[in-house]
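Take a look at the structure below.
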Amino acid sequence: MSFPWAEQYTPKHPVMQWVDEKLPLPRLVYNAVGAGYPVPRNLNYFWNFGVLAGLALVIQIVTGVIMAMHYGANDLVAFGTVEQTMRDVNAGWLMRYAHANGASFFFIVVYLHIFRGLYFGSYKAPREMVWLLGLVIFLLMMATAFMGYVLPWGQMSYWGAKVITGLFGAIPVVGEPIQTWLLGGFAPGNASLNRFFSLHFLLPFVIAGVIILHIWALHIPGSSNPTGVEVKGPQDTVPFHPYYTAKDGFGAGIFLIAFSILLFFAPNFLGHPDNYIEANPLSTPAHIVPEWYFWPFYAILRAFTVDFFFVPAKLLGVLAMFASILLLFFLPWLDTSPVRSGKYRPTFNKFFWILVIDVLILGWLGGAPAEEPYVMMSQVAAAYYFAHFLIILPLISRFEKPLPLPGSITEAVLAKYGKTDGETVAVPAE
Amino acid sequence: MVRIGAFLVGLFFAGWLFISFLIGAVAYVSEPPVPTVEHEFHEPVKHVSFSFDGPFGKYDKQQLQRGFQVFKEVCSACHSLKFVAFRDLEALGYNEAEVKAIAKQWAIKTPSVDPATGEASTRDPVPADHFPKPFANNVAAAAANNNAIPPDLSLMTKARHHGSAYVYSLLTGFQEQPAELLKHFPDAKTPEGLHYNPYFPNLNLAMAPPLSAEGQVTYGDGTKATVDQMAQDVSAFLTWTAEPKLENRRSAGLATIIFLLIATGLAYMSYQNIWADKKKAAV
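Those protein sequences? They're chains A and B, same order as listed. Numbering follows the working numbering, with no gaps: position 182 of the first sequence is 190. Numbering follows the working numbering, with no gaps: position 41 of the second sequence is 50.
As structure tokens, then:
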């Protein structure tokens with residue numbers, strides 16, 4: 009894999025030579041995230057978020073494993089053991105708040121990573137597999153986050169588990185048996201809590217495995233870049249290390265500062281107060297809402313209020329919610345424009361920003377109560393979401409006339425820095 | 010093929026959502042939603058300031074001690090505080106001997122087992138014990154309180170929006186039901202045994218006004234025990250019970266962020282340094 013001009017791993021120390029002969033693991037790392045991986049030289053800050061998502065996963069695994077040492081996965085004690093972690097375990101409050109807010113930050117960086125992929129056309133050939141594996145990671149993250157939210161066994165944990173497993177209950181005929189099977193009972197209980205804990209511990213390692221595949225698939229064509237123009241020669245790339253390790257180090261610093269501000273000064277800002285009330289099957293919260301990162305999908309779920317002949321509205325909502333994520337798997341074949349970057353696609357650009365605003369509105373509506381006028385607004389917003397991906401995008405890519413692309417990555421970079429240097433360089437007509 | 014399928018799916022979802030929107034909009038215009046009594050009369054929390062407000066605020070230990078006294082003499086008759094132990098009170102400025110005395114003299118005893126007979130009995134709490142619950146179980150709690158179970162207060166200020174101000178508003182918010190309310194919503198008259206309070210989500214709660222008269226407790230530090238003062242103090246105390254590590258968290262946060270600012274500054278400089286030759290035209 010990679011480009012022919014990639015730097016070769018040549019261990020100098022005899023011990024490293026010995027290791028390389030027996031198990032070329034250092035070589036693998038060198039080629040994956042070291043000097044052996046040539047990367048386009050023009051990446052902007054949006055290319056930091058892949059590494060940051062990896063960092064967020066590491067934070068979640070470290071804090072999560074420590075929390076698991078103090079957690080009791082039993083419906084009678086779970087809430088109390090979490091409180092005990094907060095009060096009596098050394099730095100337990102830090103682990104818990106870091107884990108709860110870490111989940112939010114994981115989603116923030118992953119959403120920005122997906123935003124990057126959507127705007128710069130990273131999902132297009134030859135990187136379809138990278139995109140598909142990324143979506144698998146996203147689905148696994150959602151499952152993991154949902155099950156993790158159930159573990160403290162607060163009111164939102166309990167009722168969230170009931171609502172989300174209830175989605176499967178909407179399937180005709182087999183729905184209710186499936187819901188009972190998933191929960192291990194007719195309502196969330198000890199059996200549900202135990203299996204959710206087991207899976208919540210397992211899935212992050214599955215995510216780590218799929219991340220390896222995601223990076224592997226990325227390294228076959230190499231990284232994309234903001235111009236969307238393919239790498240043409242060695243002058244277009246720099247080695248990942250030290251160039252992008254340095255840039256990612258700076259990005260990680262900014263990420264950790266933002267994370268620390270929330271973690272240390274507003275740790276409950278993104279949480280729901282009801283989850284500090286112990287689960288009570290006899291008392292339904294006034295508004296059951298999931299965590300903020302599910303709000304856009306929750307708004308789509310609740311937007312369906314009218315039965316379609318014999319199909320109940322609830323089932324339509326469930327189908328639409330799953331469809332809203334699954335349609336992303338078809339994106340490489342829906343957007344057929346050969347131009348990757350949104351920078352050179354004037355029509356795409358306009359609709360793309362409408363989509364971004366649309367998803368933000370859906371997010372706001374997903375957190376709002378299921379009342380008018382919020383429901384009507386979410387119907388319009390959800391309609392645009394589907395229309396954008398399934399109708400507008402294929403049409404744009406067919407009829408749009410893209411702007412002229414730069415001849416190469418180096419040409420684009422020189423156009424940016426050329427003037428300051430006073431050298432004569434070819435500047436593409438803009 | 011993919012695009013034709015996608016077009017049909019997109020047309021179905023977007024079309025049906027649009028039809029649902031039209032149906033909803035017609036209903037909204039023809040029958041606008043009727044305002045509810047909660048919607049009209051529920052009030053947002055009162056503005057109240059505490060020493061722990063803001064990113065660097067700290068607890069006022071004198072106030073926490075006063076709040077603890079209110080909890081001890083008023084709230085603890087009905088409300089449990091199950092996640093807090095007597096030993097935790099050292100954070101309020103009591104020394105070990107004082108905590109021991111507080112535990113020993115606590116009115117409610119800790120459930121225990123008679124070492125001679127094995128029968129259920131009680132004993133004086135020790136500092137390691139959590140605060141004993143005033144009722145043996147929920148049935149007893151409901152029976153003694155007009156069928157309403159007094160909630161545990163350990164996490165109350167984190168379990169409500171704007172918790173500290175909410176507790177304060179609720180405690181000082183009991184009042185007569187406004188005449189205007191009864192005029193517009195004659196069915197919403199506060200039922201027998203409940204008490205009107207516009208800060209409570211459904212406006213009527215089972216708890217009778219717990220802080221009703223000035224001087225209900227006698228503060229050791231000479232602070233005048235007005236209802237407002239007692240409500241503020243106990244709200245501060247319950248903020249501490251919900252978030253006992255608040256001061257550790259904020260000071261650790263300040264140190265962490267200072268460290269990260271320096272580290273990030275260095276990372277930025279090394280990033281600029283490494284890239285210096287790539288950001289010029291000459292390659």
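Backbone N, C-alpha and C define an ideal beta-carbon position, used for all residues, glycine too.
Determine the extent of the alpha helix (DSSP H) in which residue i is found, giving its start and end residues.
i, result
"THR250(B)", "236-251"
"THR131(B)", "Taken as a continuous stretch (DSSP letters only), THR131(B) belongs to no alpha helix (DSSP H), being part of the beta strand (DSSP E) at 129-132."
"VAL23(A)", "22-30"
"SER332(A)", "321-334"
"PRO354(A)", "354-375"
"VAL176(B)", "172-181"
Is it buried or exposed for residue i, if we count other Cβ within 10 angstroms and need 16 for buried?
i, result
"ILE220(A)", "exposed"
"GLN25(A)", "exposed"
"GLU167(A)", "The residue asked about is misnamed: residue 167(A) is Trp in this sequence, not Glu. It counts as buried."
"GLY2(B)", "Absent from the model: residue 2(B). The displayed extent of chain B is 10 to 292, so no value can be given."
"HIS193(B)", "exposed"
"GLY202(B)", "exposed"
"GLU438(A)", "Confidence is the limiting factor: at GLU438(A) the pLDDT is only 42, short of 50, which leaves the residue's position unreliable and the question unanswerable from this model."
"GLY430(A)", "Here the model assigns GLY430(A) a pLDDT of 44, short of 50, so the residue's position is not dependable, and the following value carries that caveat. Exposed, since its Cβ has fewer than 16 Cβ neighbours within 10 Å."
"PRO212(A)", "buried"
"LEU164(B)", "buried"
"HIS170(B)", "exposed"
"MET77(A)", "exposed"
"THR126(B)", "exposed"
"SER349(A)", "buried"
"LEU398(A)", "buried"
"ASP244(A)", "buried"
"HIS48(B)", "exposed"
"ASN39(A)", "buried"
"VAL182(A)", "exposed"
Could you name the residues of chain A that residue i contacts, counting a contact when the two beta carbons are closer than 9 Å?
i, result
"HIS170(B)", "PRO281"
"VAL148(B)", "Correct list: empty, because the minimum Cβ distance to chain A is about 13 Å."
Hey, could you find the ends of the beta strand (DSSP E) residue i is sitting in?
i, result
"PRO120(B)", "119-122"
"PRO159(B)", "That residue, PRO159(B), is in no beta strand (DSSP E); it is neither H nor E in DSSP."
Could you check if residue i belongs to the surroundings of the ligand MG, using beta carbon to heavy atom distance under 8 Å?
i, result
"ASN198(A)", "Absence of the ligand MG is noted for the structure shown, with no ligands found whatsoever."
Please return the same chain residues whose Cβ sits closer than 7 Å to the Cβ of residue i, not counting the five positions on each side in sequence.
i, result
"PHE407(A)", "none"
"THR227(B)", "ALA234"
"THR428(A)", "A caution first: THR428(A) carries a pLDDT of 47, below 50, which makes its placement in the model unreliable, though a value can still be read off. Same-chain partners within the cutoff: there are none."
"ASN283(A)", "PRO160, GLY162, GLN163, MET164 and SER165"
"ALA61(A)", "PHE114, VAL117, VAL118 and HIS121"
"VAL108(B)", "PHE95, ARG96, LEU98, GLU99 and PRO136"
"ASP256(A)", "ASN56 and VAL59"
"PRO253(B)", "ASP97 and ALA100"
"VAL171(A)", "ILE296"
"ALA195(A)", "LYS170 and PRO289"
"GLN68(A)", "HIS107, GLY110, ALA111, PHE114 and PRO212"
Run through chain B and tell me which residues come within less than 7 Å of residue i, C-beta to C-beta.
i, result
"ARG49(A)", "LYS287"
"TRP101(A)", "LYS254 and ARG258"
"GLU91(A)", "PHE92"
"PHE277(A)", "The premise fails here: PHE277(A) is roughly 12 Å from chain B at the closest Cβ pair, so nothing lies under 7 Å."
Residues of chain A with CB closer than 7 Å to the CB of residue i, please, in chain order.
i, result
"ALA276(B)", "GLY257, PHE258 and GLY261"
Can you find the residues in the same chain that come closer than 6 Å, C-beta to C-beta, to residue i, ignoring five residues on each side of it along the sequence?
i, result
"SER405(A)", "ASP343, THR344 and SER345"
"ALA311(A)", "SER386, GLN387 and ALA390"
"MET155(A)", "PHE204, LEU207 and HIS208"
"HIS88(B)", "PRO159 and LEU162"
"PHE54(A)", "ARG124"
"GLY172(B)", "THR166"
"VAL158(A)", "SER165, ALA169 and PHE204"
Can you name, in chain order, every residue of its own chain whose Cβ lies under 8 Å from the Cβ of residue i, other than the five neighbours on each side?
i, result
"TYR177(B)", "VAL54, LYS55, VAL57, ALA240, GLN241 and SER244"
"TYR103(B)", "GLN74 and ILE111"
"SER85(B)", "ALA116, ILE117, PHE140 and PRO143"
"ASP28(A)", "TYR17, PRO19, PRO34 and ARG35"
"ALA151(B)", "ALA157 and ILE158"
Under 8 Å Cβ-Cβ, which residues of chain B neighbour residue i?
i, result
"TYR251(A)", "ILE283, TRP284 and LYS287"
"PRO381(A)", "TYR37"
"PRO402(A)", "ARG12, ALA15 and PHE16"
"LEU342(A)", "VAL11, ARG12 and ALA15"
Closer than 8 Å by beta-carbon distance: list the chain A residues that pair up with residue i, in chain order.
i, result
"THR265(B)", "SER268 and PHE272"
"TRP25(B)", "PHE312, VAL314, PHE316 and LEU324"
Report task. Note down, one range per segment and in chain order, each beta strand (DSSP E) of at least 3 residues found wholly within the region 243-267 of chain A. Result -> Complete beta strand (DSSP E) runs here, min 3: 245-247.
Requested in this report: With a floor of 3 residues, list each beta strand (DSSP E) that falls wholly inside the region 71-156 of chain B, ordered by position along the chain.
Outcome: Restricting attention to beta strand (DSSP E) runs no shorter than 3 residues, the region 71-156 of chain B encloses them at 119-122 and 129-132, ordered along the chain.
Query raised in the report: Which runs of the alpha helix (DSSP H), 4 residues or longer, sit entirely within the region 191-227 of chain A?
Result: Every alpha helix (DSSP H) stretch that sits fully inside the region 191-227 of chain A and reaches 4 residues is listed by chain position as 198-227.
Query - Complete alpha helix (DSSP H) runs within the region 32-79 of chain A (minimum length 4 residues, chain order) - result: Considered as a whole, the region 32-79 of chain A harbours 33-41 and 57-76 as its complete alpha helix (DSSP H) runs of no fewer than 4 residues, in chain order.
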